[in-house]
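> Residue numbers for the sequence shown follow this note's numbering, so the first one is 105 and each next one is one higher.
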Amino acid sequence: MKVLLTLTDVEPAVRLNKMLEAADVETEVVSPLDDVRAVLARQKPDLIVFTGELRDPSNVALVREQLWAGRAVVGLADTDDPEALERLRGEGYTEVYGKPANLDEVFDGVRRALERQRLQRTTGLLGESEAIREVLVKVEQMAPVTSTVLIEGESGTGKELVARAIHATSPRAQRPFVAVDCGAIAEGVLESELFGHARGAFTGAQTARRGLFEEASGGTIFLDEIGDVGPNLQARLLRVLQEGTVRPVGTNEARPVDARVVAATNKDLEREVRAGKFREDLFYRLAVVTIRIPPLRERREDIALLAEHFAAKHGSGSGSISPAARDLLVAYPWPGNVRELENVIARALALNDGGAILPQDLPEKLRTMGAPGPVGVNLAQGE
105 MKVLLTLTDV EPAVRLNKML EAADVETEVV SPLDDVRAVL ARQKPDLIVF TGELRDPSNV
165 ALVREQLWAG RAVVGLADTD DPEALERLRG EGYTEVYGKP ANLDEVFDGV RRALERQRLQ
225 RTTGLLGESE AIREVLVKVE QMAPVTSTVL IEGESGTGKE LVARAIHATS PRAQRPFVAV
285 DCGAIAEGVL ESELFGHARG AFTGAQTARR GLFEEASGGT IFLDEIGDVG PNLQARLLRV
345 LQEGTVRPVG TNEARPVDAR VVAATNKDLE REVRAGKFRE DLFYRLAVVT IRIPPLRERR
405 EDIALLAEHF AAKHGSGSGS ISPAARDLLV AYPWPGNVRE LENVIARALA LNDGGAILPQ
465 DLPEKLRTMG APGPVGVNLA QGE
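1. Do you know how far the Cα of S251 is from the Cα of V118?
2. Does DSSP put L382 in a helix, a strand or coil?
3. Can you tell me where the alpha helix (DSSP H) with I330 in it begins and where it stops?
4. Which residue's Cα is closest to the Cα of G202: E169, D185, D431?
5. Does the distance from the C-beta atom of V214 to that of L124 stay below 9 Å?
6. Considering only their Cβ atoms, is the gap separating A367 from S424 smaller than 9 Å?
7. R375 to S233, Cα distance in whole Å?
8. In the DSSP assignment, find the unbroken beta strand (DSSP E) run with G156 in it and report its ends.
9. Along the chain, where does the alpha helix (DSSP H) containing A454 start, and where does it finish?
10. Less than 6 Å between C-beta atoms, sequence neighbours within five positions excluded: which residues of the same chain meet that for G440?
11. If you draw a straight line from the C-alpha of A428 to the C-alpha of P463, how long is it?
12. Using only the alpha-carbon positions, how far apart do R401 and L230 sit?
13. Specify, as a first and last residue, the run of the alpha helix (DSSP H) that K417 falls within.
14. Going by other Cβ atoms of all chains shown within 10 Å of its Cβ, with 16 needed for buried, is L327 buried or exposed?
15. Can you tell which of R404, K263, P352, A391 has the C-alpha that lies nearest to the C-alpha of A283?
16. Give the single residue among D128, G348, K106, V134 whose Cα lies nearest to the Cα of V114.
17. Which one or two residues does DSSP pair with K106 in a beta bridge?
18. Is P467 helix, strand or coil when you go by DSSP?
19. Between the segment 145 to 152 and the segment 168 to 179, are three or more C-beta pairs nearer than 8 Å?
20. Relative to the C-alpha of T472, which candidate in I449, L453, L455, A435 has its C-alpha closest?
21. Contact between the segment 241 to 256 and the segment 385 to 393: three or more CB pairs below 8 Å?
22. From the DSSP output, which residues share a beta bridge with A368?
23. Would you kindly report the start and end of the unbroken alpha helix (DSSP H) that includes I236?
24. Please confirm if E329 has its CB atom under 9 Å from at least one CB of chain D.
25. Are the Cβ atoms of E256 and L386 separated by less than 9 Å?
26. On the DSSP bridge assignment, give the partners of A173 in chain order.
27. Relative to the alpha-carbon of E468, which residue among V448, E199, D457 has its alpha-carbon at the smallest distance?
28. Could you pull the DSSP bridge partners for H301 from this structure?
29. Just curious, the beta strand (DSSP E) that R396 is in, first and last residue?
30. As a quick exercise: from E238, R443, P116, G287, pick the residue whose alpha carbon is nearest that of I397.
31. Thinking L180 and T198 are a contact (beta carbons under 8 Å), I'd like their distance in whole angstroms, please.
Okay, here's the thing in structure tokens:
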């Protein structure tokens, strides 16, 4: 991974550059006389370290552009005023360090940011909000263990993406990842899908079949919308978690399985337990670790970054978003969350002439919500 450093404040930048090089991090140093944008376009670093006058409007604009492009930006400020440093964080800097900078602390911060960038690329979990950082930390924590995980979040927030990230960063990454939408399959069919069945177990079962738990052996099985599973199947799932075996439909044969279980729900399972709709013992088996993915409206600082990502994805790398359209995107509450945002961007690119997405390319419901406030006033608070 590569770090770009500006030399506005020479002494700490040079020292930090030496520390990064000693840690085998590729670096590029840019002087104040260089065209920073041209260097960024040419070098495409993973992280940028700005030094000097971070509050300069041109620097703030550049930082925001990099945030939307998915790059982390660390600032070495020329002030130690806590309020000024906090305002800078609100402008989009990943982290800001006051003067005089403790370079050991800055170095550790840069390494953490680079690791987060690497993990985001591996998993597709994009964002600079504190909420997404917490999700990424939990994904890292879950990588080396086999504990069951319960992922909570509204529809469209990316629960399956988190499940795939847990699998992709685990020792099971080379084994199967099997996703099951429990809410989309009738319970009788789902039982056979999960556990398999013997020949003649029911009408139409002309051959025996392995279930998805066995198909996921050595890997991960993702049980999406686990809250929609009925009481009989809940009891069978509890037995699998307790005993590590499955019994195919139509047989008493217990077969050992080694599939890590990651479940997800858009329901409040604790409330379902209190209402008698979900087994308490199964809930506690599933929720060894719980990861909550917040709705997009609670992490507005990630909206522009995600929108630019989807514009590049659906525009064959040429998509872009005008500032006015970006303001509308950030102001909208996104009831359909990330899935809805991607759909809106893909639709806008399909309708326009291949240029930047403009307000008129967006659905009417986004355009008629009223003029949003300035996007960059305080991204951390969504203002």
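Every residue gets a Cβ at the ideal spot worked out from N, C-alpha and C, and that includes glycine.
Judging by the given coordinates:
1. Position 14 of the sequence shown holds residue 118. Position 147 of the sequence shown holds residue 251. Going by the C-alpha atoms only, they are around 44 Å apart.
2. Reading the sequence shown from its first residue, position 278 is the one you call residue 382. Checking the displayed sequence, the identity of residue 382 turns out to be Phe instead of Leu. In this structure, F382 counts as coil in the three-state DSSP scheme.
3. Taking the sequence shown and counting its residues from 1, one reaches residue 330 at position 226. Run containing I330: none; DSSP gives neither H nor E here.
4. For the purposes of this step, residue 202 is taken as the residue at position 98 of the sequence shown. Checked all of E169, D185, D431; the closest Cα to G202 is D185.
5. Within the sequence shown, numbered from 1, the residue matching residue 214 stands at position 110. Within the sequence shown, numbered from 1, the residue matching residue 124 stands at position 20. Their beta carbons are under 9 Å apart, which means V214 touches L124 by this criterion.
6. As a position in the sequence shown, residue 424 is number 320, starting the count at 1. As a position in the sequence shown, residue 367 is number 263, starting the count at 1. Contact: no.
7. The residue given as residue 375 occupies position 271 in the sequence shown. The residue given as residue 233 occupies position 129 in the sequence shown. Taking the straight line from one Cα to the other gives about 28 Å.
8. On the sequence shown, position 52 is the one that residue 156 refers to. Taken as a continuous stretch (DSSP letters only), the beta strand (DSSP E) holding G156 covers 151 to 156.
9. Here residue 454 is taken as the residue at index 350 of the sequence shown, counted from 1. Note, A454: alpha helix (DSSP H), 441 to 455.
10. In the sequence shown, residue 440 corresponds to position 336, counting from 1. Hits under 6 Å: G260.
11. Here residue 428 refers to the residue found at position 324 of the sequence shown. Here residue 463 refers to the residue found at position 359 of the sequence shown. Answer to the nearest angstrom: the Cα atoms are 6 Å apart.
12. To locate residue 401, count along the sequence shown from 1; it is residue 297. To locate residue 230, count along the sequence shown from 1; it is residue 126. A direct Cα-Cα distance of roughly 15 Å separates R401 from L230.
13. As a first step, residue 417 is located in the sequence shown; it is residue number 313 there, counting from the start. First-last of the alpha helix (DSSP H) with K417: 407 to 418.
14. Here residue 327 is taken as the residue at index 223 of the sequence shown, counted from 1. Buried, because 16 or more other Cβ atoms sit within 10 Å of the Cβ of L327.
15. Within the sequence shown, the letter at position 179 stands for residue 283. For A283, the nearest C-alpha among the options comes from K263.
16. The residue you call residue 114 lines up with position 10 of the sequence shown. Nearest of D128, G348, K106, V134 to V114, Cα basis: V134.
17. Here residue 106 is taken as the residue at index 2 of the sequence shown, counted from 1. DSSP output for K106 lists E130 as bridge partner(s).
18. One-based indexing of the sequence shown puts residue 467 at position 363. In the structure shown, P467 sits in coil (DSSP, three-state: anything other than H, G, I, E or B).
19. yes
20. Translated into positions along the sequence shown, residue 472 becomes position 368. The shortest Cα separation from T472 among I449, L453, L455, A435 belongs to A435.
21. yes
22. Here the question's residue 368 lines up with position 264 in the sequence shown. Paired residues: I255.
23. Position 132 of the sequence shown holds residue 236. Residues 234 to 246.
24. In summary, chain D is missing from the structure at hand, where a single protein chain is found.
25. Position 152 of the sequence shown holds residue 256. Position 282 of the sequence shown holds residue 386. Contact: no.
26. For the purposes of this step, residue 173 is taken as residue 69 along the sequence shown, with counting starting at 1. Partner(s): none; A173 has no beta bridge.
27. Position 364 of the sequence shown holds residue 468. Out of V448, E199, D457, V448 has the C-alpha closest to the C-alpha of E468.
28. Start at 1 with the first residue of the sequence shown, and residue 301 comes out as number 197. According to DSSP, H301 bridges with R313, V353.
29. Against the sequence shown, residue 396 aligns to sequence position 292. From DSSP, the beta strand (DSSP E) with R396 extends over 393 to 396.
30. If you number the sequence shown from 1, residue 397 lands on position 293. Closest option to I397, Cα to Cα, is E238.
31. For the purposes of this step, residue 180 is identified with residue 76 of the sequence shown, where counting begins at 1. For the purposes of this step, residue 198 is identified with residue 94 of the sequence shown, where counting begins at 1. A Cβ-Cβ distance of about 12 Å is found for the pair L180 and T198, leaving them out of contact under the 8 Å criterion.
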